[in-house]
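0 is the number of the first residue of the first sequence in numbering that gives the first Met the number 0; add one for each residue after it. We treat Cβ as the ideally placed atom computed from N, Cα and C, and that holds for glycine.
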Amino acid sequence: MPELPEVETMRRGVAAVVGARIVDLIRPRSALRPILFAPRWDRLKRRALGQSIVATGRAGKRLVFELSGGNRLVIEPRMTGLALLSDPPTDEHVRLRMMLAGAATRQFLFWDRRGLGTVRLVSPAEYLARYGPDHLGPDALSVTADQLRTRLGRSRRAVKVALLDQRAVAGIGNLYAAEILHVARIHPARPCDRLTAPQWQAIAAAARAVLSEAIRHEGSTLADGTYRNALNQAGSYQNHHLVYGRAGSPCSTCGGESIARIVQSQRSTFFCPACQAAGRRRRRKLCTTGPDTV
DNA sequence: CCCCAGTCCTGCGGGC
DNA sequence: TGCCCGCAGGACTGGG
């Protein structure tokens, strides 16, 4: 499930497209069901054809290709989308094939098993409207405690649910929200408006630490094997997960209690009831020593 | 405005 | 053995 580290790994993995000219766009017949193209396929193809890719970027969990004409191609992998320069896992779910000239790679593929992903060609104005600061918060890789507190400090939502709000902070999904709160030693159900300044510091520090470490390991490839880098290789951060997907296993941080699973907003949340206790004094004590150790 | 439930989609694993 | 159902969670929509 591509979140910030996986999309950043995709972005780095497709660096060879920079400088390339788009000489053809193909929507393979093998794609049983077309995914969302915006504008509609014919128009998107016409507007992208002949353009050069001048830079790559990332907007939260989206991969961005900046085109020579000023427009951007924004690829949103959602659950199962992959950005590939190599052969895809299966031919069946290739949604977009871009043929390139003048660079180190001859093609770029967007593969998406479930077809929830999107591909959008947007003008500068559309980009700002859709991915500007009104809709996308500061990037989670460099988010500060002040930014989090300004955006969420008065919210009564559970902190784990709030961290998934892309308008508040961009790039965190279900998996990394759990890992970040574990490192910050904060209970996922804690209301935002009851978090202290040191706790926001702990969350911001944990976000930067966990996400950069996950990038270093090229993201998380879960048991379903969906996430792959640009060369169709698995990441390894799943081997470093402390809580996600580990319900019932002993907590490797405290060595004692087993990891719990609860449901918040119809999504699984994993945490350690001991390290991330709901009790006030305990958490305050732990958070002063917690985040710096990572 | 704030927040939650429902929706899309495919593949997999549990239960019977 | 085979089928069915629930679950996985990105972002978005509609409504309280």
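Subject >> Boundaries (first-last residue) of the beta strand (DSSP E) holding residue 75 >> reply: One-based indexing of the first sequence puts residue 75 at position 76. Counted as a single uninterrupted DSSP element, the beta strand (DSSP E) harbouring residue 75 occupies residues 71–75.
**OP:** Within its chain, find whatever has a CB closer than 8 angstroms to the CB of residue 352; leave out the 5 residues flanking it on each side and keep chain order.
**Re:** Outside the displayed span of the chain (0 to 293) sits residue 352, for which this structure offers no information.
**OP:** Measure the C-alpha to C-alpha separation of residue 193 and residue 120 and round it to an integer number of angstroms.
**Re:** The count along the first sequence starts at 1 and reaches residue 193 at position 194. The count along the first sequence starts at 1 and reaches residue 120 at position 121. In this structure, the straight-line span from the alpha carbon of residue 193 to that of residue 120 is close to 41 angstroms.
**OP:** Would you mind working out which of 36, 16, 74 and 180 sits nearest residue 84, comparing C-alpha positions?
**Re:** In the first sequence, the residue the question calls residue 84 occupies position 85. Closest in alpha carbon position to residue 84, among 36, 16, 74 and 180, is 16.
**OP:** Specify whether the segment 93–113 and the segment 144–161 touch according to this definition: at least 3 beta carbon pairs, one from each stretch, less than 8 angstroms apart.
**Re:** The segment 93–113, when compared against the segment 144–161, does not touch it at the 8 angstroms Cβ threshold.
Original post:
What did DSSP end up calling residue 98 once you bin it into helix, strand or coil?
Top reply: In the first sequence, the residue the question calls residue 98 occupies position 99. DSSP, reduced to helix, strand and coil, places residue 98 within a strand of the structure shown.
Original post:
For residue 211 versus residue 140, is the C-beta distance shorter than 8 angstroms?
Top reply: Position 212 of the first sequence holds residue 211. Position 141 of the first sequence holds residue 140. Going by C-beta atoms, residue 211 is nearer than 8 angstroms to residue 140.
Subject >> Closest Cα partner of residue 161 within the set 264, 80, 14 and 226 >> reply: As a working note, residue 161 is residue 162 in the first sequence. In terms of CA proximity to residue 161, 264 leads the group 264, 80, 14 and 226.
Subject >> For residue 190, three-class secondary structure by DSSP >> reply: Taking the first residue of the first sequence as position 1, residue 190 is located at position 191. In the displayed model, residue 190 falls within a strand according to three-state DSSP.
Original post:
Among 41, 75, 37 and 23, which one has its Cα closest to the Cα of residue 9?
Top reply: As a first step, residue 9 must be located in the first sequence, where it is residue number 10. The shortest C-alpha separation from residue 9 is found at 75.
Subject >> Identity of the residue in 108, 1 and 80 nearest residue 26 by Cα >> reply: Here the question's residue 26 lines up with position 27 in the first sequence. Ranking the options by Cα distance to residue 26, first place goes to 108.
Original post:
Can you give the Cα-Cα distance for residue 110 and residue 196, rounded to whole angstroms?
Top reply: On the first sequence, residue 110 is found 111 positions in, with the first residue counted as 1. On the first sequence, residue 196 is found 197 positions in, with the first residue counted as 1. The straight-line gap separating the alpha-carbon atoms of residue 110 and residue 196 is approximately 42 angstroms.
Original post:
What's the C-alpha gap between residue 238 and residue 135?
Top reply: Taking the first residue of the first sequence as position 1, residue 238 is located at position 239. Taking the first residue of the first sequence as position 1, residue 135 is located at position 136. Between the alpha carbons of residue 238 and residue 135 lies a distance of about 30 angstroms.
Subject >> residue 123 in three-state terms, based on DSSP >> reply: By 1-based counting over the first sequence, the position of residue 123 is 124. The answer is helix: DSSP assigns residue 123 an H, G or I state.
Original post:
Does the beta-carbon distance from residue 54 to residue 73 come in below 8 angstroms?
Top reply: Locating residue 54 in the first sequence gives position 55, where the first residue counts as 1. Locating residue 73 in the first sequence gives position 74, where the first residue counts as 1. Taking 8 angstroms as the Cβ cut-off, residue 54 and residue 73 do not qualify as a contacting pair.
Subject >> Cβ separation of residue 218 and residue 4, assumed to be a contact under 8 angstroms, to the nearest whole Å >> reply: As a first step, residue 218 is located in the first sequence; it is residue number 219 there, counting from the start. As a first step, residue 4 is located in the first sequence; it is residue number 5 there, counting from the start. That pair is a contact at about 5 angstroms.
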